[in-house]
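Presented below is the structure to which this report refers.
Numbering (full-length UniProt numbering), first residue to last: 1 to 87.
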């Protein structure tokens, strides 16, 4: 893989869900927390234009009721797969 240097760039940001990773983080958290169907329903409403993205994100995060302990447990037990070619 060819690398390159971009002068004066301090950070590069991009969406990693289903791009860098083959998984979607909120979908995986939903499965882990036993709320996969609810998370999927909210996501589908956003994709159908019924909810705007910020409201859908708020609803999904509220539904998951995440804590640092739950996130740490998720990180230990669930592996996220990188898209082929990503390293």
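Where is the CB? At the ideal position from N, CA and C, for every residue including glycine. Remember, it's a predicted structure, so these values are computed and weren't measured experimentally.
Classification of residue i by the beta-carbon crowding that lies within 10 angstroms, buried from 16 upward
i	result
residue 86	exposed
Those residues which DSSP pairs with residue i across a bridge
i	result
residue 82	21
Boundaries of the alpha helix (DSSP H) in which residue i is found, first to last residue
i	result
residue 74	68 to 77
residue 47	36 to 47
residue 62	53 to 64
Pairwise C-alpha distance: residue j and residue i
i	j	result
residue 30	residue 24	10 Å
residue 58	residue 71	17 Å
residue 38	residue 52	17 Å
residue 43	residue 19	17 Å
residue 16	residue 46	19 Å
Is the segment 69 to 80 touching the segment 27 to 47, taking contact as three or more C-beta pairs under 8 Å?
Cβ pair count under 8 Å is three or more, so yes.
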